[in-house]
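Undergrad: The structure under discussion is supplied below as structure tokens; questions concerning it will follow.
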Amino acid sequence: MSKEFKLHCFAQSGNAYKVALMLSCAGADWESVFVDYFAGMTRTPEWRQAVNEMGEIPVLEHAGNKLSQSGVILNYLADHFEQFGARGENEKREVLRWLLFDNHKFTGYLAAYRWIRSFASPQPHSEVLAFFRARAEAAFGVVDRHLADRAYVAADRPTIADLSMAGYVFYPTEETGFDFASTHPNIARWMDRISALPGWKQPYDLMPGQRIAPRQA
Numbered sequence: 638m639s640k641e642f643k644l645h646c647f648a649q650s651g652n653a654y655k656v657a658l659m660l661s662c663a664g665a666d667w668e669s670v671f672v673d674y675f676a677g678m679t680r681t682p683e684w685r686q687a688v689n690e691m692g693e694i695p696v697l698e699h700a701g702n703k704l705s706q707s708g709v710i711l712n713y714l715a716d717h718f719e720q721f722g723a724r725g726e727n728e729k730r731e732v733l734r735w736l737l738f739d740n741h742k743f744t745g746y747l748a749a750y751r752w753i754r755s756f757a758s759p760q761p762h763s764e765v766l767a768f769f770r771a772r773a774e775a776a777f778g779v780v781d782r783h784l785a786d787r788a789y790v791a792a793d794r795p796t797i798a799d800l801s802m803a804g805y806v807f808y809p810t811e812e813t814g815f816d817f818a819s820t821h822p823n824i825a826r827w828m829d830r831i832s833a834l835p836g837w838k839q840p841y842d843l844m845p846g847q848r849i850a851p852r853q854a
């Protein structure tokens with residue numbers, strides 16, 4: 638029997654994990670649709686015409702809608718489930734502020750660094766790796782200081798801002814190159830709170846696809 642939600646995704650996509658985590662924590666009736674990214678599936682004209690013209694994952698299908706971009710999808714799901722959303726205009730702006738920071742810097746640099754470090758071919762120059770690592774660490778510092786006296790990113794409870802920022806931090810250290818428990822204790826404690834949410838699962842337990850050994854593990 639068909640599920641209410643269909644999420645086009647693959648196991649290595651942290652942006653897809655943001656949505657998968659939201660669906661799982663919200664108790665949604667959902668299924669995954671495997672996208673063979675490593676075989677170039679998202680680059681084909683057929684896939685872009687049928688699924689997402691941007692050639693990106695995740696894509697969520699629900700009630701005749703086909704949504705892309707993780708921040709848009711998270712907002713849609715927060716409205717639909719009335720969970721993990723903002724309460725009031727001020728909180729809405731704060732959630733949006735951290736969603737944008739996450740996509741531009743926190744997830745943006747961590748995802749890029751993880752990819753070129755562990756999966757990209759050919760192997761990048763050391764200067765490129767050092768640049769992206771430094772940018773990621775700068776974003777981590779902002780968030781670690783922000784979480785010094787608060788439990789969650791944008792409110793007194795978990796919101797889609799937290800689920801968005803959780804996109805890549807739960808991948809193995811041998812992939813990301815970061816051990817937050819050793820370097821950013823406030824982020825590590827926040828991760829503990831996120832992983833205690835009902836429905837939480839690790840990325841490789843939520844999404845389909847073969848696990849690939851990172852190049853530098």
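For the sequence shown, the numbering used here assigns the number 638 to the initial residue and increments by one for each residue that follows.
Cβ atoms here follow ideal geometry from the backbone N, Cα and C, with glycine treated the same way.
Measuring only the C-alpha atoms, how far is Pro-801 from Lys-655?
TA: For clarity, residue 801 is Ser in the given sequence; the question names Pro instead. If I take the Cα positions, the gap works out to 5 angstroms.
Undergrad: Between which two residues does the beta strand (DSSP E) harbouring Trp-752 extend?
TA: Looking at the DSSP string, Trp-752 is not in any beta strand (DSSP E); the run it does join, the alpha helix (DSSP H), is 744-755.
Undergrad: Alpha helix (DSSP H) containing Val-670: first to last residue?
TA: Not the alpha helix (DSSP H): Val-670 falls in the beta strand (DSSP E), residues 667-671.
Undergrad: Which stretch, first to last residue, makes up the beta strand (DSSP E) that contains Glu-693?
TA: Note, Glu-693: premise wrong, no beta strand (DSSP E); not H, not E.
Undergrad: Starting from His-645, follow its DSSP beta bridges and name the residues at the other end.
TA: Paired residue(s): Val-670, Val-696.
Undergrad: Put Ser-705 into one of helix, strand or coil per three-state DSSP.
TA: In the structure shown, Ser-705 sits in a strand (DSSP, three-state: E or B).
Undergrad: Take the Cβ of Asn-740 as the centre, count every other Cβ of all protein chains shown within 10 Å, and call the residue buried at 16 or more, exposed below.
TA: When all chains shown are included, Asn-740 counts as buried.
Undergrad: Checking 8 angstroms against the spacing of the C-beta atoms, do Ala-748 and Tyr-805 come in under that value?
TA: Result yes, Cβ atoms of Ala-748 and Tyr-805 sit closer than 8 angstroms.
Undergrad: State yes or no: is the C-beta of Tyr-746 within less than 8 angstroms of the C-beta of Ala-767?
TA: No, Cβ-Cβ distance for Tyr-746 and Ala-767 is not below 8 angstroms.
Undergrad: Expressed to the nearest angstrom, what Euclidean distance is found between the alpha-carbon atoms of Arg-754 and Arg-826?
TA: In a straight line, the C-alpha of Arg-754 is about 26 angstroms away from that of Arg-826.
Undergrad: Let's test the definition: count the other Cβ atoms within 10 Å of the Cβ of Ile-694 and tell me whether it reaches 16, buried, or not, exposed.
TA: Buried, because 16 or more other Cβ atoms sit within 10 Å of the Cβ of Ile-694.
Undergrad: Counting only the same chain and skipping the five closest in sequence on each side, list residues whose C-beta sits under 7 angstroms from that of Ala-854.
TA: Caution applies to Ala-854, whose pLDDT of 47 falls short of 50 and renders its modelled position unreliable; the value that the coordinates give is listed next. Glu-811, listed in sequence order.
Undergrad: Determine the DSSP secondary structure at His-741, reduced to helix, strand or coil.
TA: DSSP places His-741 in helix when its eight states are reduced to three.
Undergrad: Counting C-beta neighbours from all protein chains within 10 Å, is the total for Pro-795 16 or more, i.e. buried, or is it exposed?
TA: The residue in question, Pro-795, is buried, as its Cβ has 16 or more Cβ neighbours within 10 Å.
Undergrad: On the premise that Gly-722 lies in contact with Ile-797, defined as a C-beta separation below 8 angstroms, what is that separation, rounded to the nearest angstrom?
TA: Right, the Cβ-Cβ distance comes to about 7 angstroms (below 8 angstroms), so this counts as a contact.
Undergrad: Indicate, with yes or no, if the ligand SAH has a heavy atom lying under 7 angstroms from the CB of Glu-698.
TA: Among the components of this structure there are no ligands whatsoever, and the ligand SAH is therefore not found.
Undergrad: Restricting to Cα atoms, I'd like to know which of Tyr-750, Arg-724, Val-779 is closest to Val-765.
TA: Comparing Cα-Cα distances from Val-765 to each of Tyr-750, Arg-724, Val-779, the minimum goes to Tyr-750.
Undergrad: Check whether the segment 701-711 touches the segment 666-673, counting contact only when three or more Cβ pairs, one atom from each stretch, lie closer than 8 angstroms.
TA: The answer is no - the segment 666-673 does not touch the segment 701-711, with fewer than three Cβ pairs under 8 angstroms.
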